[in-house]
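Colleague: Residue numbers for the sequence shown, in the numbering used here: 585 to 1185. The C-beta atom is built at its ideal place from N, Cα and C for all residues, glycine as well.
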Amino acid sequence: MGTYWGAHFYEMKGGEMTKFTKSEADKIQLTCTPTHVNISTFLGQEWITYTFKRLHLAECPMGGFTDIDDTITPDIISTYYFVSALKVINQSPYNSAQTINWLHENENNLFENATESFDKNLVPKFWIVYYGVMTLSMLNSSPKDPGKIVEFILNLRQKNGSFMYQGMDLTPQSVEILHALGYNLSSLKETKKYCLRKFQNLTPPEEYGGLQLMGFLFNFIGYTRCLEILGVNYTKTQEYWSDVQFIDNLSKNVGGIIKSGPPLFIVAKLTQLLREYDLLNGSISREIYSYVISHELPDGGFNLFGKDYGEFQGTYYAVTTIALLGKRPDRKTIEFIHSWESPLGGFAFTSQNSCGSISTYQGVYIAEKTGIPINKTRLRMYLEHALRNRWPYSQDNPAALDAIYLTYRQLNLTIEPNDMEYLKNETVRLLKFYLTHKKKDLLMDTGWRYLIKLGNSIGVKLSPETKSRLINEVLSMRNTNGTFGPPSNNTAVVLYQTENAVLLLHALGYNYTNETTAKFILSMEHDGGWGAPDIFNTRGAVKALAYMGYCPKDVQGLISFVYSLKYKYGGFLYYRGDKGHGSIQATYYAIRILELIGAVN
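(1) Give the DSSP bridge partners of Asp1118, in chain order.
(2) Can you name, in chain order, every residue of its own chain whose Cβ lies under 6 Å from the Cβ of His1090, other than the five neighbours on each side?
(3) What runs of the alpha helix (DSSP H), each 4 residues or longer, lie entirely inside the segment 978-1063?
(4) Can you give the beta carbon distance from Ile684 to Ser725, rounded, assuming they're within the 8 Å contact cut?
(5) So what does DSSP say about Lys1150, is it helix, strand or coil?
(6) Span of the alpha helix (DSSP H) holding Thr657?
(7) DSSP state of Tyr1094, grouped into three classes?
(8) Starting from the Cα of Ser721, find the closest Cα among Leu754, Ala681, Pro927 and give me that residue.
(9) Starting from Val948, trace the alpha helix (DSSP H) in both directions and tell me its first and last residue.
(10) On the three-pair Cβ rule with 8 Å, is the segment 753-767 touching the segment 777-785?
(11) Look at the alpha carbon of Gly1154 and the alpha carbon of Gly1166, and state the distance between them as a whole number of angstroms.
(12) Going by other Cβ atoms of all chains shown within 10 Å of its Cβ, with 16 needed for buried, is Ala1170 buried or exposed?
(13) Just how far apart, CA to CA, sit Leu1189 and Leu1149?
(14) Once DSSP output is grouped into helix, strand and coil, what is the label at Lys1128?
(15) Determine, using beta carbons only, whether Ser941 and Ile1168 come nearer to each other than 7 Å.
(16) Suppose only complete runs of 4+ residues qualify. What are the alpha helix (DSSP H) ranges in the segment 609-655, listed by chain order?
(17) Just how far apart, CA to CA, sit Thr961 and Gly947?
(18) First and last residue of the alpha helix (DSSP H) that includes Thr719?
(19) Just the C-alpha distance for Ile805 and Asp827, rounded to the nearest angstrom, thanks.
(20) For Asn679, I'd like the list of residues in its chain whose CB is within less than 7 Å of its CB, leaving aside the five on either flank, ordered along the chain.
(21) Measuring CB to CB, does Gly1141 end up less than 7 Å from Gly1164?
(22) Can you give me the C-alpha to C-alpha distance between Lys916 and Gly894, rounded to a whole angstrom?
(23) Can the beta-carbon of Ile988 be found closer than 7 Å to that of Leu967?
(24) Would you say the segment 1043-1062 touches the segment 1111-1126, given that touching needs at least three Cβ pairs under 8 Å?
(25) Buried or exposed for Gly885, please, with buried defined as at least 16 other CB atoms from any protein chain shown within 10 angstroms of its CB.
(26) I need the boundaries of the alpha helix (DSSP H) containing Gly731, first residue and last residue.
(27) Decide if Thr625 is buried, meaning its Cβ has at least 16 other Cβ atoms within 10 Å, or exposed.
(28) Near Phe830, what residues of its chain come up, given a Cβ to Cβ distance below 7 Å and the 5 sequence neighbours on each side ignored?
(29) Going by DSSP in three states, Arg1176 sits in which element: helix, strand or coil?
(30) Do you know whose CA, among Glu1005, Cys939, Ile1055, lies nearest Arg974's CA?
(31) What is the DSSP secondary structure of Glu925, reduced to helix, strand or coil?
(32) On the three-pair Cβ rule with 8 Å, is the segment 1066-1073 touching the segment 1034-1044?
(33) Leaving out the 5 sequence neighbours to the left and right, which residues in its chain are closer than 6 Å to Tyr665 when beta-carbon positions are compared?
(34) Spatial neighbours of Ser758 within its chain, please: CB distance less than 7 Å, with the 5 preceding and 5 following residues excluded, ordered by chain position.
(35) For Trp711 and Ile733, I'd like the C-alpha separation in whole angstroms.
(36) On the DSSP bridge list, what partners appear for Ala932?
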């Protein structure tokens, strides 16, 4: 174990911080272009509009931002469930025609290539076909080539009349698809017999909960629907009346079922059966409604898996249950559904990554620079929580702590005295930790400069002796060609270490402006950027050059490179050819690059 340098390695200034001022580092901006414009003019209002939508969907329910997920590319699973949810309340997507066109465009591959936002290996092709056909049916449309789909389904038929796919019995769903496509079902004689046998073999469970109840609910509803489509009268069977008796008893035990905390899909199926058999009295309806509404999340959606954000399945089952009870979901839920509509047609795949302080700061920065409104009250609540719990980042990650402080400052929010004291104490702890354990990582661990910069901003500064030792240590690692760190054939690592060295020296208060170092960084520019080129390496290089007072050698090429990464549906990509759909981090880096060279205000 090492030891930190100096008995007193830092100096702490007293006093309360009530007003934020921009540090000298924040004022770094070169004049590399003859003119500069505002960001909206540079990026375009349409881009701002798309970014607004995507940034809004990236807001976490409890405050803060996650990264911008792909909220543009339509997903067939989300589309099916959201269209279904709207259907039960007699609504349709705002862009129904475009949704139909999108489904038709993907029909040649049986809708399969419409699920890029989800792991195709987890979704069998049959279900993709089912979602596509049934969504078109709900939108009063049909496939352009129904014969191809009918052929696909009929190839699944077995000698006993069942329809099997990858070991799964999907007979009810297959019959439903064929019915939607107008196929003559009278030829499915063996299927009629098979479905009737399956229905007669249903056994009501002995208890009103667990997997047996779930199996009964889904199979009873599935096979009765299948038999109705096939024109088979199942109500005269002895087994039917036994099932009806169980359903009647089920209605008398709704309270116990609800108290057990069942998932929303169980509640939806239970409500459907009770509604069909006229067993929904006022008391039962109120109990079910209260249970479902208690699961509504701050964003207006519902989640089937207990997460804190709305998603398509949970929302569908909740809306379906509410509609079966003769009520309507609230305005927030309906707005949540429509918010996921893609401008390309259909609905995007709902997902939510972990909110973090770094993505939150970057999201706030983007919003404020582009004029996108944000909820400061909810952000303050998030920051107060994140200050002490910086998950998903480590408590020893200075960048996460610095991002929290920067967000307060960006929003011009005052930090409460107790929180400021905690922030200072954490900065002291991390300084000690880094000085003790991270001395060998001066050039590779960017936490050094985040930590020192944070300390400078809040009055926790390194002592002159410690600061001098660190400066000398960094300077001792400079090579004759201006680079920093051990000689290496890996130019990416050399560039990374050199950029970090420049930025760390400036954080330590050393005005490093070495011409040889600048020439090295300048020489690494190609195709308008650095690295691949990519936005990450380009931002680091431009920032290092800005601190040394140098403009890139090809300013117009740099601007063109950054502009080429603009994703037309909001956000920026990391590199040309990136298969992503724009992200908060790449967008933040792009805006900062343009600001550093003076291309935008």
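Modeller: On the basis of the supplied data:
(1) Numbered from 1 along the sequence shown, position 534 holds the residue referred to as residue 1118. DSSP lists Trp1114 as partners of Asp1118.
(2) On the sequence shown, position 506 is the one that residue 1090 refers to. Closer than 6 Å at Cβ, skipping near neighbours: Tyr1131.
(3) 982-994, 1001-1021, 1031-1042, 1048-1059
(4) Stepping through the sequence shown from its first residue, residue 684 is reached at position 100. Stepping through the sequence shown from its first residue, residue 725 is reached at position 141. Right, their Cβ atoms sit about 5 Å apart.
(5) Position 566 of the sequence shown, counted from the first residue, corresponds to residue 1150. DSSP places Lys1150 in strand when its eight states are reduced to three.
(6) Residue mapping note: residue 657 aligns to position 73 of the sequence shown, counting from 1. Here Thr657 belongs to no alpha helix (DSSP H), and DSSP marks it neither H nor E.
(7) Within the sequence shown, residue 1094 is the residue found at index 510, counting from 1. DSSP places Tyr1094 in coil when its eight states are reduced to three.
(8) Here the question's residue 721 lines up with position 137 in the sequence shown. Of Leu754, Ala681, Pro927, the residue nearest in Cα terms is Ala681.
(9) One-based indexing of the sequence shown puts residue 948 at position 364. Residues 941-954.
(10) yes
(11) The residue labelled residue 1154 in the question sits at position 570 within the sequence shown. The residue labelled residue 1166 in the question sits at position 582 within the sequence shown. Approximately 7 Å between the Cα atoms of the pair.
(12) Within the sequence shown, the letter at position 586 stands for residue 1170. Counting Cβ neighbours within 10 Å, Ala1170 comes out buried, since at least 16 surround it.
(13) Residue 1189 cannot be examined here, being either before or after the span of the chain that is shown, 585 to 1185.
(14) On the sequence shown, position 544 is the one that residue 1128 refers to. A quick correction: the sequence has Ala, not Lys, at residue 1128. Correct three-state label for Ala1128: helix.
(15) Taking the first residue of the sequence shown as 1, we reach residue 941 at position 357. Taking the first residue of the sequence shown as 1, we reach residue 1168 at position 584. Result no, Cβ atoms of Ser941 and Ile1168 do not sit closer than 7 Å.
(16) 623-627, 629-641
(17) Position 377 of the sequence shown, counted from the start, is the residue given in the question as residue 961. Position 363 of the sequence shown, counted from the start, is the residue given in the question as residue 947. The alpha-carbon atoms of Thr961 and Gly947 are separated by roughly 15 Å.
(18) Counting from one through the sequence shown, the residue named residue 719 turns up at place 135. That run of the alpha helix (DSSP H) goes 709-722.
(19) Within the sequence shown, numbered from 1, the residue matching residue 805 stands at position 221. Within the sequence shown, numbered from 1, the residue matching residue 827 stands at position 243. So the two alpha carbons sit approximately 11 Å from each other.
(20) For this step, residue 679 is matched to residue 95 along the sequence shown. Only Glu925, Gly929 meet the Cβ criterion.
(21) If you number the sequence shown from 1, residue 1141 lands on position 557. If you number the sequence shown from 1, residue 1164 lands on position 580. No, these two residues do not count as a Cβ contact at 7 Å.
(22) Here residue 916 corresponds to residue number 332 of the sequence shown, with the count starting at 1. Here residue 894 corresponds to residue number 310 of the sequence shown, with the count starting at 1. Taking the straight line joining both Cα atoms gives about 11 Å.
(23) Stepping through the sequence shown from its first residue, residue 988 is reached at position 404. Stepping through the sequence shown from its first residue, residue 967 is reached at position 383. Yes.
(24) no
(25) Here residue 885 refers to the residue found at position 301 of the sequence shown. It counts as buried.
(26) Within the sequence shown, the letter at position 147 stands for residue 731. Gly731 -> alpha helix (DSSP H) spans 730-738.
(27) Mapped onto the sequence shown, residue 625 falls at position 41. Answer is exposed; the Cβ neighbour count stays below 16.
(28) Along the sequence shown, one-based indexing puts residue 830 at 246. Pro788, listed in sequence order.
(29) On the sequence shown, residue 1176 is found 592 positions in, with the first residue counted as 1. Note: Arg1176 maps to helix in three-state DSSP.
(30) Your numbering for residue 974 matches position 390 in the sequence shown. When each option's Cα is compared against that of Arg974, the closest is Cys939.
(31) Counted from its first residue, the sequence shown places residue 925 at position 341. Here Glu925 sits in strand by DSSP.
(32) no
(33) Residue 665 sits at position 81 when you count from the first residue of the sequence shown. Once the five neighbours on either side are set aside, the close Cβ partners of Tyr665 are Phe896, Gln897, Tyr900.
(34) Numbered from 1 along the sequence shown, position 174 holds the residue referred to as residue 758. Excluding sequence neighbours, Ser758 sits near Ile737, Leu740, Phe747.
(35) Working through the sequence shown from its first residue, we reach residue 711 at position 127. Working through the sequence shown from its first residue, we reach residue 733 at position 149. If you take the alpha carbons of Trp711 and Ile733, they lie about 12 Å apart.
(36) Against the sequence shown, residue 932 aligns to sequence position 348. Ala932 is bridged to Pro658.
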